[in-house]
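Asker:
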Amino acid sequence: MKMKKLIARVLVLLGSLIALGLAAGASMHWE
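Here the sequence shown is numbered in this note's numbering, starting from 138 and rising by one per residue.
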């Protein structure tokens with residue numbers, strides 16, 4: 138189904154965005 142592929146892609150994008158946000162927050166704390 139197309140919906141499953143779409144949802145999977147959205148989840149991957151959200152995961153990468155959250156990871157980037159956490160990395161940015163961590164680097165800000167260490168500065």
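Built from N, CA and C at the ideal position, the CB exists for glycine as well.
Going by DSSP, what residue range makes up the alpha helix (DSSP H) through M165?
Answerer: Against the sequence shown, residue 165 aligns to sequence position 28. Here the alpha helix (DSSP H) through M165 covers 139 to 167.
Asker: Can you name, in chain order, every residue of its own chain whose Cβ lies under 8 angstroms from the Cβ of G152, other than the five neighbours on each side?
Answerer: Here the question's residue 152 lines up with position 15 in the sequence shown. For G152, where only same-chain residues beyond five positions count, there are no Cβ hits under 8 angstroms.
Asker: Please report how far the alpha carbon of K139 lies from the alpha carbon of W167, in whole angstroms.
Answerer: Locating residue 139 in the sequence shown gives position 2, where the first residue counts as 1. Locating residue 167 in the sequence shown gives position 30, where the first residue counts as 1. For K139 and W167, the distance between alpha carbons rounds to 42 angstroms.
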